[in-house]
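**Q** Below is a structure I'd like to ask you about.
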Amino acid sequence: MWLPGMLVGVFAGAWFGPMAALALGLIGCAVGGLIGSIARSRRDDELRALRREVARLRERLRVFEVDAVGAAASSTRSEATVASAQPGAVATSTADTTGAPTSTSTSTAPPPLYPDANPRPAAWSNDALDGATASADFVAPVSTAARIDAWLPFEGNWVARIGGLLLLIGVGFALNYAWDHLLVSWPMRLFTVALVAGSVFVLGERFRAQRPAYAEVVQGVAVGIGYLDIYVAHAVALLIGPGPALGAFVVLGAASLAWAVRREAPVLATLAATGAFLAPLLVDSPSSAPLPLFGYYALVNALVLGASLQRAWRGLNLLGFGFTAGVGVLWGLDQYEARHYPVVQAFLIGFFLLYATIPVLFARRVASPRVGWVDGTLVFGAPLLAWTLQYAIAEPLGERALAVSAGALALFYALGAFVLARVSTMRLLAHAHAFLAALFFALAVLFAVDAYPTFLLWSVQGALLVWLGLRQGERAVRATGYLMQLAAAGYFVVVAGPAIGQIGWLDAWRFGCIVIALAAFVSALLVERAARADR
């Protein structure tokens, strides 16, 4: 939930300026994380209760089986003892009954299945069973620290990772200080930083045998420092041109992610990518042109895609999506101009294609392919963000440009649905693509006739998220769908409603109300059907 909360906060604060977007994004991240933690806590409590009950039933069944076996064995031993202790009586009875058939039956009744003379040990009582079950590992209470650790994008020693990020930020501030005061020459500064990065990486490798988790943190910080060093050499010190800088980024990024994939070290990959995404933000670049910044982020995202081809690392995918979206929105609000359109359009297309492909790769890598919460975020979040930004930069070009953009998205998702429908493990993902194709086709038709705002997309995608959450039992996905529909209604009332012209025989206000009401009605119908199915 931390990523949807951050995105909602950023978009809400964008109306008031970059600083408000940053502040509301941090607040939304914290609130979303808290909501997700509470939801996970409730699910964990329910799961622990179910496991406790199953364990109690299994133990009682084992007790009954042991009692039954013991009773049968005791009955057999009693019959054998009686027969061996009274041989004379049996012989006399046989001699006295001349001509009578010999009876092999006895008048002794079999002992009860659970005789009172053989009570169950105290260790098998209900109280003992409850205590034994409660002491099992899977029903141990979850500590606050463990819940905080589960809330973070990665697991493990998060204190050490925060320390590593602080070290990386400190290196960035040190380079800024050197830029302002010119203490030593630029080549000497950058060489020193590179030497520190290499030493830290070697030190982390030496820790791998004893402390593998800590080694991943140390090596991730080292790779992040290397990224920062290359970026400063290119964008601030102007010592290397775009070509050499691009080559250095490719070599360092490919090497670090390949090393992380080989070592199966998601923490190393996550921290290395974090350093790569933070590098342009930690150092003030003298240039405000979009090409260096977006070209750099395109390269880092390509490396994320390369890692996704080998490993299903959710945190890395979300990290790339969140950083790229946040930086792109903040840059656009502050510095975008009409002359930047070609570069921004090319980067937006590449960003959309990349993060529309990653969920498919993730579904192929996981053991039980499904569109989960993270995949749902990318499946619906990528087109939502891409369309919002596309609408902002293409609106000055006219309604035809918006119609072409929506038509291209509809064609892309229609082809995706056709291909994914042939794979049995990706049917749900194919259904999501089919819904998105129909939605963007409707938008293309509407824009071809008359311009139409974005709230329609938000309303329908909110209903799609509700459907997806119900299909998979994910409350967080459903909650995001509800919030998206509320945001669409608020956007319509405040911004979109007064700006829409006539649409056929309907006026703007009535048409918008009908669209929002239909999305809410479909969501309510889906929830009602799911509730009836669970009864």
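-5 is the number of the first residue of the sequence shown in my numbering; add one for each residue after it. Just so you know, even glycine gets a beta-carbon here, dropped at the ideal spot from N, CA and C.
Between the alpha carbons of residue 377 and residue 346, how many angstroms are there, rounded?
**A** Indexing the sequence shown from 1 puts residue 377 at position 383. Indexing the sequence shown from 1 puts residue 346 at position 352. Using only the alpha carbons, I get a separation of about 7 angstroms.
**Q** If we count the other Cβ atoms within 10 Å of its Cβ and call it buried at 16 or more, is residue 412 buried or exposed?
**A** As a position in the sequence shown, residue 412 is number 418, starting the count at 1. So residue 412 counts as exposed.
**Q** Any idea what DSSP makes of residue 179, helix, strand or coil?
**A** Translated into the one-based positions of the sequence shown, residue 179 becomes position 185. In the structure shown, residue 179 sits in coil (DSSP, three-state: anything other than H, G, I, E or B).
**Q** Cβ atoms of residue 287 and residue 253: under 8 angstroms apart, would you say?
**A** Residue 253 sits at position 259 when you count from the first residue of the sequence shown. Residue 287 sits at position 293 when you count from the first residue of the sequence shown. Going by C-beta atoms, residue 253 is not nearer than 8 angstroms to residue 287.
**Q** According to DSSP, is residue 307 part of a helix, a strand, or is it coil?
**A** Taking the sequence shown and counting its residues from 1, one reaches residue 307 at position 313. Of the three classes helix, strand and coil, the one that applies to residue 307 here is coil, per DSSP.
**Q** Within 10 angstroms of the Cβ of residue 258, are there 16 or more other Cβ atoms? Answer buried if so, exposed if not.
**A** Taking the sequence shown and counting its residues from 1, one reaches residue 258 at position 264. The residue in question, residue 258, is exposed, as its Cβ has fewer than 16 Cβ neighbours within 10 Å.
**Q** Rounding to the nearest angstrom, what Cα-Cα distance links residue 433 and residue 301 in this structure?
**A** Within the sequence shown, numbered from 1, the residue matching residue 433 stands at position 439. Within the sequence shown, numbered from 1, the residue matching residue 301 stands at position 307. Roughly 31 angstroms separates the two Cα atoms.
**Q** What do you reckon, are the CB atoms on residue 441 and residue 486 nearer than 8 angstroms?
**A** For the purposes of this step, residue 441 is taken as residue 447 along the sequence shown, with counting starting at 1. For the purposes of this step, residue 486 is taken as residue 492 along the sequence shown, with counting starting at 1. Going by C-beta atoms, residue 441 is not nearer than 8 angstroms to residue 486.
**Q** Return the chain-ordered list of same chain residues with a C-beta closer than 7 angstroms to the C-beta of residue 349, the five sequence neighbours on each side being excluded.
**A** As a working note, residue 349 is residue 355 in the sequence shown. Around residue 349: 315, 372 and 376.
**Q** So residue 542 and residue 475 are in contact, right, with Cβ under 8 angstroms, and what is the actual spacing, rounded?
**A** What is shown of the chain runs -5 to 529, which leaves residue 542 out entirely.
**Q** Measure how close the beta-carbons of residue 270 and residue 247 come, nearest whole angstrom, since I'm counting them as under 8 angstroms.
**A** Along the sequence shown, one-based indexing puts residue 270 at 276. Along the sequence shown, one-based indexing puts residue 247 at 253. Right, the Cβ-Cβ distance comes to about 7 angstroms (below 8 angstroms), so this counts as a contact.
**Q** Drop a sphere of 10 angstroms on the beta-carbon of residue 171, count the other beta-carbons inside from all chains shown, and report buried for 16 or more, exposed for fewer.
**A** Within the sequence shown, residue 171 is the residue found at index 177, counting from 1. Result: exposed.
**Q** Buried or exposed: which applies to residue 472, given that a residue is buried once 16 or more other Cβ atoms fall within 10 Å of its Cβ?
**A** On the sequence shown, position 478 is the one that residue 472 refers to. The residue in question, residue 472, is buried, as its Cβ has 16 or more Cβ neighbours within 10 Å.
**Q** Can you tell me whether DSSP reads residue 363 as helix, strand or coil?
**A** Translated into positions along the sequence shown, residue 363 becomes position 369. In this prediction, residue 363 has a pLDDT of 44, which is less than 50 and means its spatial position is unreliable; what the coordinates show is noted afterwards. Coil.
**Q** Just how far apart, CA to CA, sit residue 480 and residue 451?
**A** By 1-based counting over the sequence shown, the position of residue 480 is 486. By 1-based counting over the sequence shown, the position of residue 451 is 457. Looking at the two C-alpha atoms, the distance is approximately 13 angstroms.
**Q** Where do the ends of the alpha helix (DSSP H) carrying residue 286 lie?
**A** Position 292 of the sequence shown, counted from the start, is the residue given in the question as residue 286. 284 to 302 is the extent of the alpha helix (DSSP H) around residue 286.
**Q** Alpha carbons only, please: which of 53, 482, 468 and 464 is nearest the one belonging to residue 523?
**A** Here residue 523 is taken as the residue at index 529 of the sequence shown, counted from 1. Ranking 53, 482, 468 and 464 by Cα distance to residue 523 puts 464 first.
**Q** Just mark residue 168 as buried or exposed, buried being the case when its beta carbon has 16 or more other beta carbons within 10 Å.
**A** The residue you call residue 168 lines up with position 174 of the sequence shown. Exposed, since its Cβ has fewer than 16 Cβ neighbours within 10 Å.
**Q** Please report how far the alpha carbon of residue 179 lies from the alpha carbon of residue 338, in whole angstroms.
**A** As a first step, residue 179 is located in the sequence shown; it is residue number 185 there, counting from the start. As a first step, residue 338 is located in the sequence shown; it is residue number 344 there, counting from the start. For residue 179 and residue 338, the distance between alpha carbons rounds to 35 angstroms.
**Q** So residue 428 packs on residue 400, CB below 8 angstroms; how close in whole Å?
**A** On the sequence shown, position 434 is the one that residue 428 refers to. On the sequence shown, position 406 is the one that residue 400 refers to. Rounded, the Cβ-Cβ distance is 16 angstroms, inconsistent with contact.
**Q** Rounded to the nearest angstrom, what separates residue 320 and residue 291 at their Cα positions?
**A** Position 326 of the sequence shown holds residue 320. Position 297 of the sequence shown holds residue 291. The straight-line gap from Cα to Cα measures roughly 12 angstroms.
**Q** Any idea if residue 528 is buried or exposed, counting beta-carbon neighbours within 10 angstroms, 16 or more meaning buried?
**A** For the purposes of this step, residue 528 is taken as residue 534 along the sequence shown, with counting starting at 1. Its Cβ having fewer than 16 others within 10 Å, residue 528 is exposed.
**Q** For residue 384, count neighbouring Cβ atoms within 10 angstroms of its own Cβ and tell me buried if that reaches 16, exposed if not.
**A** Counting from 1 along the sequence shown, the entry for residue 384 is found at position 390. With 16 or more other Cβ atoms within 10 Å, it is buried.
**Q** Which of the three DSSP states is assigned to residue 149 in this structure?
**A** Counting from one through the sequence shown, the residue named residue 149 turns up at place 155. Model confidence at residue 149 stands at a pLDDT of 48, short of 50, so the residue's coordinates are unreliable and nothing is read from them.
**Q** Could you give the first and the last residue of the continuous alpha helix (DSSP H) run that contains residue 467?
**A** Within the sequence shown, the letter at position 473 stands for residue 467. It is not in any alpha helix (DSSP H) - residue 467 carries neither H nor E in the DSSP assignment.
**Q** Any idea if residue 183 is buried or exposed, counting beta-carbon neighbours within 10 angstroms, 16 or more meaning buried?
**A** For the purposes of this step, residue 183 is identified with residue 189 of the sequence shown, where counting begins at 1. Residue 183 is buried by the Cβ-count criterion.
**Q** Can you give the Cα-Cα distance for residue 165 and residue 299, rounded to whole angstroms?
**A** Residue mapping note: residue 165 aligns to position 171 of the sequence shown, counting from 1. Residue mapping note: residue 299 aligns to position 305 of the sequence shown, counting from 1. For residue 165 and residue 299, the distance between alpha carbons rounds to 27 angstroms.
**Q** Taking Cβ positions, are residue 219 and residue 243 nearer each other than 8 angstroms?
**A** Locating residue 219 in the sequence shown gives position 225, counting from the first residue. Locating residue 243 in the sequence shown gives position 249, counting from the first residue. Taking 8 angstroms as the Cβ cut-off, residue 219 and residue 243 do not qualify as a contacting pair.
**Q** Which class does residue 483 belong to by DSSP, given the choice of helix, strand or coil?
**A** Counted from its first residue, the sequence shown places residue 483 at position 489. Residue 483 falls in the helix class under three-state DSSP.
**Q** So the candidates are 317, 381, 354 and 328; which of them puts its Cα closest to the Cα of residue 342?
**A** Taking the first residue of the sequence shown as position 1, residue 342 is located at position 348. It is 381 whose Cα lies nearest to the Cα of residue 342.
**Q** Can you check whether the CB of residue 198 is closer than 8 angstroms to the CB of residue 212?
**A** Your numbering for residue 212 matches position 218 in the sequence shown. Your numbering for residue 198 matches position 204 in the sequence shown. It is a contact, given that the beta carbons lie within the stated cut-off.
**Q** Between residue 306 and residue 356, is the Cβ-Cβ spacing less than 8 angstroms?
**A** Counting from one through the sequence shown, the residue named residue 306 turns up at place 312. Counting from one through the sequence shown, the residue named residue 356 turns up at place 362. A contact, by the Cβ cut-off of 8 angstroms.
**Q** Pick helix, strand or coil for residue 330, following the three-state DSSP scheme.
**A** For this step, residue 330 is matched to residue 336 along the sequence shown. In the structure shown, residue 330 sits in coil (DSSP, three-state: anything other than H, G, I, E or B).
**Q** Once the 5 residues before and after residue 397 are set aside, which same chain residues still bring their CB inside 7 angstroms of it?
**A** Counting from one through the sequence shown, the residue named residue 397 turns up at place 403. Excluding residues within five positions, the ones whose Cβ falls inside 7 angstroms are 438, 441 and 442.
**Q** Starting from residue 236, trace the alpha helix (DSSP H) both ways and give me its first and last residue.
**A** What you label residue 236 is simply residue 242 of the sequence shown in a count that begins at 1. Segment 236 to 257, the alpha helix (DSSP H) holding residue 236.
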